[in-house]
């Protein structure tokens, strides 16, 4: 299906995807290059050298996927499940860099999968498929994958523990679960319990998880934590780029988008909200 054709409605409220899909349908080149492949923050190895051009951000978004793949011990010849795959950017990243890969992207929102299927095509030596499904009830048999990824999406899942249990179930022995997440400092946790209105730009986000909670969750689900990296500083240019991109758009962005993004930036710069990359190994 052509991404510009009418698309199915989403089973979840994600206004930011509604906004992106509308701009992509309009043929917005800057948005297509920025978020038509990856829908997540960027990673700059040297943040002070960020130029904040569209190409610069696209490279940074690619680099963030690479950081999660590194935590997942991605290499040739693996079966990989990307949960919350968005438009398929991380699947595309792996598809273009590795061979003999069996790659599956999973998402609850069929609209996102339509774009992924239209834009991410398997190379000659790989297999690529996109499937609709629930992160907390993965529609796959036990021990199906070598790696499970969740790039900047786990805060949308109904229950982190249930997702970890499902990831453990579908992983082969010795397999890896790798993810990126916004992790609250203990000082911020009381504020994260405030209920956001239904019209919140980023949808329902559960940020009530600390680094200590992740350590306890890994132990409770029999995962060994092998990677825990705070890359907040490397992601901060994202906020400046988002402001620049928003000023260029003909479509008016909501006040909710501005306020939520600004709140995340302030909390991140104060080290109250940390952007973390985790890697866990199945025992």
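Residue numbers (UniProt numbering): 1 to 283. C-beta: ideal position from N, C-alpha, C; glycine also. A quick note: this is a predicted structure, and the numbers were derived from the prediction, not measured.
Around the C-beta of residue i, are 16 or more other C-beta atoms found within 10 angstroms, so that it is buried, or is it exposed?
i, result
"residue 91", "buried"
"residue 234", "buried"
"residue 75", "exposed"
"residue 20", "buried"
"residue 266", "exposed"
"residue 14", "buried"
"residue 55", "exposed"
"residue 12", "exposed"
"residue 27", "exposed"
"residue 5", "Any reading at residue 5 must be qualified, since the residue scores a pLDDT of 40, below 50, and its modelled position is unreliable; the value itself is stated next. Per the 10 Å Cβ criterion, exposed."
"residue 237", "buried"
"residue 160", "buried"
"residue 89", "buried"
"residue 50", "buried"
"residue 45", "exposed"
"residue 36", "buried"
"residue 116", "buried"
"residue 23", "buried"
"residue 270", "exposed"
"residue 2", "Bear in mind that a pLDDT of 39 at residue 2, under 50, signals an unreliable position, so the number given afterwards is only what the model happens to contain. Classification for residue 2: exposed."
Under 8 Å between the Cβ atoms of residue i and residue j?
i, j, result
"residue 275", "residue 179", "no"
"residue 223", "residue 164", "yes"
"residue 58", "residue 34", "yes"
"residue 253", "residue 246", "yes"
"residue 95", "residue 120", "yes"
"residue 40", "residue 62", "no"
"residue 207", "residue 221", "no"
"residue 108", "residue 170", "no"
"residue 140", "residue 85", "no"
"residue 260", "residue 200", "yes"
"residue 132", "residue 110", "yes"
For the candidate residues the options, whose alpha-carbon lies nearest to that of residue i?
i, options, result
"residue 128", "253, 106 and 33", "106"
"residue 38", "29, 60 and 53", "60"
"residue 173", "225, 145 and 16", "145"
"residue 71", "228, 259, 258 and 243", "228"
"residue 182", "167, 249 and 231", "231"
"residue 162", "190, 218, 241 and 147", "218"
"residue 52", "242, 249, 32 and 250", "242"
"residue 87", "147, 123, 49 and 31", "31"
"residue 284", "153, 214 and 122", "Only positions 1 to 283 of the chain appear in the structure, and residue 284 is not among them; the question remains open."
"residue 151", "215, 22, 211 and 83", "83"
"residue 124", "255, 250 and 100", "100"
"residue 187", "248, 251 and 268", "268"
"residue 256", "66, 118, 248 and 202", "202"
Is residue i close to chain C? Criterion is C-beta to C-beta, closer than 8 Å.
i, result
"residue 69", "The structure shown contains no chain C, having only a single protein chain."
Name, in chain order, the residues that DSSP records as bridge partners for residue i.
i, result
"residue 280", "177 and 225"
"residue 275", "182"
"residue 89", "Looking at the DSSP assignment, residue 89 forms no beta bridge with any residue, so it has no partner."
"residue 134", "137"
"residue 34", "Looking at the DSSP assignment, residue 34 forms no beta bridge with any residue, so it has no partner."
"residue 287", "Not covered by the structure: residue 287. The range shown for the chain is 1 to 283."
"residue 127", "102"
"residue 147", "80 and 176"
"residue 24", "Its beta-bridge partners do not exist; DSSP assigns none."
"residue 284", "Residue 284 lies beyond the residue range present for the chain, which begins at 1 and ends at 283; the question has no answer from this structure."
So residue i and residue j are in contact, right, with Cβ under 8 Å, and what is the actual spacing, rounded?
i, j, result
"residue 136", "residue 157", "6 Å"
"residue 126", "residue 103", "6 Å"
"residue 185", "residue 272", "5 Å"
"residue 64", "residue 43", "4 Å"
"residue 114", "residue 17", "Residue 114 to residue 17, Cβ: 12 Å. No contact."
"residue 282", "residue 226", "Contact flag wrong, Cβ pair sits at about 11 Å."
"residue 176", "residue 73", "5 Å"
May I ask you to check if the CB of residue i is nearer than 7 Å to at least one heavy atom of the ligand COA?
i, result
"residue 221", "The ligand COA is not among the ligands present in this structure, which contains no ligands whatsoever."
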